[in-house]
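So the sequences go chain by chain: A and B.
Its first residue numbered -9, the first sequence is counted upward by one per residue in my numbering.
Its first residue numbered 26, the second sequence is counted upward by one per residue in my numbering.
Take a look at the structure set out below.
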Amino acid sequence: MGVTKTIKNKPKTKVEEHHHDHHEESFITKYIFSEDHKVIAKQFLITGIFWAIIGGAMSSLFRIQLGFPDMDLTALSPIIGNWLTPQGKIDPEVYLALITMHGTIMVFFVLTAGLSGTFSNYLIPLQIGARDMASGFLNMLSYWFFFLSSIVMFISIFVEGGPASGGWTIYPPLSALPQAVSGSGMGMTLWLFSMSLFIVSALLGALNYITTVINLRTEGMTFFRMPLTIWAFLVTAILGVLSFPVLLSAALLLIMDRSFGTSFYLSDIYIAGEALSNQGGSAILFQHLFWFLGHPEVYIVILPSLGITSEIIATCSRKPIFGYRAMVYSIFGIGVLSFVVWAHHMFISGMNPFLGSVFTILTLIIAVPSAIKAFNYIATLWRGNIIFTPAMLFSIGLVSFFISGGLTGLFLGNSVVDINLHDTYFVVAHFHIVMGSASFFGLFAGVYHWFPKMFGRMMNSTMGYIHFWITFIGAYLVFFPLHYIGIAGFPRRYYSFTNFETGRIESFIDLNTFVSFAAILTFAAQFIFLFNFFYSMYRGRKASANPWKSNTLEWTTPREPGHGNWPGKIPSVSRWPYDYSKPGAKDDYIPQHIPLSSTKESNMPEDEHR
Amino acid sequence: MSNSTSSKILRMNPRIFIVWIFMISISMIFVSLISAYIVKKGEPGGFNVDLPSMFYYSTAVVLLSSVFKQLSYFASKKDNFKNLKLYLFMSLVTGIVFLVTQYLGWVQLVGGGVYFVGHPDGSFIYILSGIHAFHLISGLFFILYVYKKSVELDVHSKNLIYIEMSTTYWHFLAGLWVYLFITLYFYNI
């Protein structure tokens, strides 16, 4: 107790100090090298938005190639310059680089750092009642490692030979040998360097999240009184701590193979008839190491979104979340299972069919906790007093994507069906809906919901509605047709399909054009959000202290919480966070810090044990 | 504000907790590499390596270093500053000796025809001991930091946090090497 007490009191004295010496907190310590979790969260958010624009723009570019293969893009040459062939088309190697960078940027820089980095940092201390993270310094380091990693990745886009182009999974030998593709030269080196920095950042962040949640909860905040957001962030961080080091070892061995001539992943390779000296390695080893991170990674991406929407759906349905404990256990179930399913990405790598069946079964078991979550979302909405805020719409959108994208997972998780579907657009459709769109919707929902707390102002909800409907319909128009394209046998990552002349492939050109049209439109609609975001930051309507009438602790802070979050004592907690529309209560919500003794009229027998 | 239902939250010192999670994530690096190594050893076409005799000595040295570190912890608990500094210094020295013996082990490996560049069965030994050495260097810097603190009389029975963290980490690194050594030993007979 003693140590935590001193930590608790420290920021308070700091705040008092600042009143005396204003020069202490310069612009640099306040906004740049800040150790305050709220500022760091915003830094992650802004950097994530920056990357999302780049990643989205890249997807528009390669969708142009796929949808309009004959289009002359010379008009774009001032922006993308030497990425074009003399005919004004996107260079085939640039195309590969674009899909690689799109995947890397979206999975790691936007949906891992931008999502976990923003909301874990912002919400953990505020919702569990802590002054700040366990270690503000490590937290600051976490952001700056991410920033460095971003710089290196950004530079890699412009180096000679182009950025990494072996796909975001960077399978060797393609990624190990510069002779394979020009992006496997300098671009790949920078990719590995950048990702190593990124892993350090993710680990430093996760260390802090876990430690803070377990050690710095306020009085009364037992584990089962934590909001589901915190549970989701906690499990996400645990997954990160266990899986990112494995990616680090995979990357390290790849660096050794590339730069020092070892043969961890290389064996029996002939280039232009000449045998390479590398013997004894195994490319499959990389796939195992990569997917041991890679599969938990997709849950690192989706779980924070699921946590965010659990909170928003309960708040905006004015109902307790249905099956709180079931939600917690299914988050844990998903987390545990995510470590034993990685080989379903490798069904056609020549693995033993018996092993394939084992991984099929384990994979399909994930449907159970996922279905529990989907059911609980719907049961929470059922006969709720639903308030359709933009955040709520995005949360419901997530539920929709989680279900429709999750269903196709059943096909892909089956080792037999996967023989046909592997590496086709069906896979692309599946993960873009279930983890791409769903996570993005969680991110949007979180921004719309907590914007008032972050910036003290409201976002414009009309623009929010327009943004939601275009994005929601747009995302389905983009990704739903891809299922058909995939079943028709289109392999992913191909530059062009016009050279096959089978008659069948050509008949899907129209559908591809349609998808590209929808993709570019959906991307364009995101600028409504961007405008709304930055405009509302300065000109938005001032927010009230608790605009959504929510129960969690962050809404008990001042409108713009200072360093240390609560000016006085940290509120203690005496109930769970989902006391919405409690029978007999005066309001339809009872915040967590209200003691049971002052709500005698609505107390239930089970409240004593919650 | 508090009432009968609000219960106390169990707390551990957050910084010690961070050290533990940090050790878990380091373990994951080695778990992944060791499992890759075991799979590799199961494949045909590989070879067994005669582990350098220096690795036996280094194992003894790193264990000795761990003992010194523990003694320094006991000394700090009893506010015996002379012994605290002495044992910290001894664990630093034995830590450096360990790195030297590891390096000599590599020299022996090269002498025996096992190179870093070549078949993975050989490369893995360098990778495993190399990454371990890298982490051990970080542990040395940590001890150096605690040594500086103890010279400033900032490590004593009322302020054990630094020495506790560094001792835990140092034992972990020693145990990690013993684990790596035993694994390498049994997969090469």
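For each residue, glycine too, the CB sits at the ideal point set by N, CA and C.
Practice item. Please list the residues of the segment 49 to 70 of chain B that have a C-beta atom closer than 9 Å to any C-beta atom in chain A, keeping them in chain order. Key: So the close ones are Ile49, Ser50, Ile51, Ser52, Met53, Ile54, Phe55, Val56, Ser57, Leu58, Ser60, Ala61, Val64, Lys65, Glu68 and Gly70.
Review point. Hey, does Phe166 (chain B) have any beta-carbon neighbour from chain A nearer than 8 Å?
Key: In the second sequence, the residue the question calls residue 166 (chain B) occupies position 141. By this cut-off, Phe166 (chain B) is not an interface position.
Practice item. Report yes or no: do the segment 411 to 429 of chain A and the segment 473 to 481 of chain A share at least 3 C-beta pairs separated by less than 8 Å? Key: yes
Point to revise | CB contact check: Gly180 (chain B) to chain A, cutoff 8 Å | key: In the second sequence, counting from the first residue as 1, residue 180 (chain B) sits at position 155. One detail in the question is off: residue 180 (chain B) reads as Val in this sequence, not Gly. Answer no: the Cβ-Cβ gap between Val180 (chain B) and chain A never drops below 8 Å.
Check your understanding: Would a check of beta-carbon distances place His160 (chain B) closer than 8 Å to chain A?
Key -> Indexing the second sequence from 1 puts residue 160 (chain B) at position 135. No, His160 (chain B) does not count as interfacial toward chain A.
Check your understanding: If you draw a straight line from the alpha carbon of Leu113 (chain A) to that of Glu287 (chain A), how long is it in whole angstroms?
Key -> By one-based count along the first sequence, residue 113 (chain A) stands at place 123. By one-based count along the first sequence, residue 287 (chain A) stands at place 297. CA-CA distance, Leu113 (chain A) to Glu287 (chain A), rounds to 21 Å.
Review point. Taking the alpha carbon of Pro294 (chain A) as the point to measure from, which residue in A:Ile228, A:Thr350 and A:Asp597 has its own alpha carbon closest?
Key: Position 304 of the first sequence, counting from 1, holds the residue named residue 294 (chain A). Closest by alpha carbon: A:Ile228.
Check your understanding: Skipping 5 residues on each side, what residues in its chain have a beta carbon closer than 7 Å to that of Ala435 (chain A)?
Key -> In the first sequence, counting from the first residue as 1, residue 435 (chain A) sits at position 445. Excluding sequence neighbours, Ala435 (chain A) sits near Ile298, Thr299, Ile302, Ala381, Phe384, Ser385 and Leu388.
**Study point:** Contacts of Gly251 (chain A) in chain B (Cβ-Cβ under 8 Å)
**Key:** Locating residue 251 (chain A) in the first sequence gives position 261, counting from the first residue. Chain B residues near Gly251 (chain A): Val142.
Exercise for review: Give the residues of chain A in contact with Phe47 (chain B), contact being defined as C-beta atoms less than 7 Å apart.
Suggested key: As a first step, residue 47 (chain B) must be located in the second sequence, where it is residue number 22. Neighbours of Phe47 (chain B) on chain A, chain order: Leu197.
Practice item. Give the DSSP-derived three-state secondary structure of Ala515 (chain A) in the structure shown. Key: Locating residue 515 (chain A) in the first sequence gives position 525, where the first residue counts as 1. In this structure, Ala515 (chain A) counts as helix in the three-state DSSP scheme.
**Study point:** Segment limits, alpha helix (DSSP H) that includes Lys110 (chain B)
**Key:** Along the second sequence, one-based indexing puts residue 110 (chain B) at 85. Lys110 (chain B) -> alpha helix (DSSP H) spans Phe106 to Gly136.
Review point. Nearest-angstrom Cα distance between Met96 (chain A) and Asn213 (chain B)?
Key: For the purposes of this step, residue 96 (chain A) is taken as the residue at position 106 of the first sequence. For the purposes of this step, residue 213 (chain B) is taken as the residue at position 188 of the second sequence. Those two C-alpha atoms are separated by around 43 Å.
Exercise for review: Please decide whether Leu180 (chain A) counts as near chain B, where near means a Cβ-Cβ distance under 8 Å.
Suggested key: Stepping through the first sequence from its first residue, residue 180 (chain A) is reached at position 190. Judged by the 8 Å Cβ criterion, Leu180 (chain A) is not in contact with chain B.
Exercise for review: Decide if Ser175 (chain B) is buried, meaning its Cβ has at least 16 other Cβ atoms within 10 Å, or exposed.
Suggested key: In the second sequence, the residue the question calls residue 175 (chain B) occupies position 150. Per the 10 Å Cβ criterion, buried.
Practice item. Report all residues from its chain with a CB closer than 7 Å to the CB of His157 (chain B); omit the five preceding and five following residues, and keep chain order. Key: Residue mapping note: residue 157 (chain B) aligns to position 132 of the second sequence, counting from 1. Once the five neighbours on either side are set aside, the close Cβ partners of His157 (chain B) are Leu201, Trp202 and Leu205.
Review point. Where does Ile510 (chain A) sit, in a helix, a strand or coil, going by DSSP?
Key: Position 520 of the first sequence, counting from 1, holds the residue named residue 510 (chain A). Correct three-state label for Ile510 (chain A): helix.
Review point. Contact check, His412 (chain A) vs Phe337 (chain A) under 8 Å by CB: the rounded distance?
Key: The residue labelled residue 412 (chain A) in the question sits at position 422 within the first sequence. The residue labelled residue 337 (chain A) in the question sits at position 347 within the first sequence. Right, the Cβ-Cβ distance comes to about 6 Å (below 8 Å), so this counts as a contact.
Point to revise | Beta carbon of Gly155 (chain B) nearer than 8 Å to that of Gly120 (chain B) | key: For the purposes of this step, residue 155 (chain B) is identified with residue 130 of the second sequence, where counting begins at 1. For the purposes of this step, residue 120 (chain B) is identified with residue 95 of the second sequence, where counting begins at 1. No, these two residues do not count as a Cβ contact at 8 Å.
Check your understanding: Based on the DSSP secondary-structure assignment, which residues constitute the bridge partners of Ile80 (chain A)?
Key -> In the first sequence, the residue the question calls residue 80 (chain A) occupies position 90. A:Leu74.
Check your understanding: Contact between the segment 302 to 314 of chain A and the segment 250 to 263 of chain A: three or more CB pairs below 8 Å?
Key -> no
Review point. Which of the three DSSP states, helix, strand or coil, is assigned to Glu550 (chain A)?
Key: Here residue 550 (chain A) refers to the residue found at position 560 when the first sequence is read from its first residue. If DSSP states are grouped into helix, strand and coil, Glu550 (chain A) belongs with coil.
Exercise for review: Return no unless some Cβ of chain A is closer than 8 Å to the Cβ of Pro39 (chain B).
Suggested key: To locate residue 39 (chain B), count along the second sequence from 1; it is residue 14. Chain A contact via Cβ: present.
Check your understanding: Three or more beta-carbon pairs under 8 Å between the segment 24 to 33 of chain A and the segment 112 to 129 of chain A, yes or no?
Key -> Under the three-pair Cβ rule at 8 Å, the segment 24 to 33 of chain A counts as touching the segment 112 to 129 of chain A.
Review point. If contact means a Cβ-Cβ distance below 8 Å, which residues of the segment 115 to 145 of chain A contact chain B?
Key: Answer in chain order: Ala124, Ser125 and Leu128.
Point to revise | Short-range partners of chain B found in the segment 204 to 234 of chain A, where Cβ spacing is below 8 Å | key: Within the segment 204 to 234 of chain A, the qualifying residues are Ile204, Asn205, Leu206, Arg207, Thr208, Glu209, Gly210, Met211, Thr212, Val231, Leu232, Ser233 and Phe234.
Review point. How close, in whole Å, do the beta carbons of Phe392 (chain A) and Ala364 (chain A) come, if the pair is a contact with beta carbons under 8 Å?
Key: On the first sequence, residue 392 (chain A) is found 402 positions in, with the first residue counted as 1. On the first sequence, residue 364 (chain A) is found 374 positions in, with the first residue counted as 1. With a Cβ gap of about 6 Å, Phe392 (chain A) and Ala364 (chain A) count as contacting.
**Study point:** Against chain B: residues of the segment 263 to 283 of chain A by CB proximity under 8 Å
**Key:** The segment 263 to 283 of chain A vs chain B, Cβ under 8 Å: Gln269, Gly270, Gly271, Ser272, Leu275, His278, Leu279 and Phe282.
Point to revise | Sequence-distant residues of its chain with Cβ nearer than 7 Å to Val(-7) (chain A) (five each side left out) | key: By one-based count along the first sequence, residue -7 (chain A) stands at place 3. For Val(-7) (chain A), the predicted structure reports a pLDDT of 40, less than 50, and the residue's modelled location is therefore unreliable. The matter cannot be settled from this model.
**Study point:** Residue-level contact to chain B via CB, Phe498 (chain A), 8 Å cutoff
**Key:** What you label residue 498 (chain A) is simply residue 508 of the first sequence in a count that begins at 1. Not one chain B Cβ lies under 8 Å of Phe498 (chain A).
**Study point:** From A:Phe524, A:Met130, A:Thr350 and A:Asn375, residue whose alpha carbon lies closest to that of Thr19 (chain A)
**Key:** In the first sequence, counting from the first residue as 1, residue 19 (chain A) sits at position 29. Of the candidates A:Phe524, A:Met130, A:Thr350 and A:Asn375, the one whose C-alpha sits nearest the C-alpha of Thr19 (chain A) is A:Met130.
**Study point:** Contact check, Val100 (chain A) vs Gly45 (chain A), beta carbons under 8 Å
**Key:** Locating residue 100 (chain A) in the first sequence gives position 110, where the first residue counts as 1. Locating residue 45 (chain A) in the first sequence gives position 55, where the first residue counts as 1. Yes, Cβ-Cβ distance for Val100 (chain A) and Gly45 (chain A) is below 8 Å.
Point to revise | Exposed unless 16 or more other CB atoms sit within 10 angstroms - verdict on Leu397 (chain A) | key: As a position in the first sequence, residue 397 (chain A) is number 407, starting the count at 1. Leu397 (chain A) should be labelled exposed.
Check your understanding: Under the three-state reduction of DSSP, which class applies to Asn502 (chain A): helix, strand or coil?
Key -> The count along the first sequence starts at 1 and reaches residue 502 (chain A) at position 512. Residue state, collapsed to three classes: helix.
Exercise for review: Report the rounded CA-to-CA distance for Ala509 (chain A) versus Thr503 (chain A), giving the unit in angstroms.
Suggested key: The residue given as residue 509 (chain A) occupies position 519 in the first sequence. The residue given as residue 503 (chain A) occupies position 513 in the first sequence. If you take the alpha carbons of Ala509 (chain A) and Thr503 (chain A), they lie about 10 Å apart.
Check your understanding: Do you know how far the Cα of Arg565 (chain A) is from the Cα of His599 (chain A)?
Key -> What you label residue 599 (chain A) is simply residue 609 of the first sequence in a count that begins at 1. What you label residue 565 (chain A) is simply residue 575 of the first sequence in a count that begins at 1. Straight across, the Cα-Cα distance linking His599 (chain A) with Arg565 (chain A) is about 9 Å.
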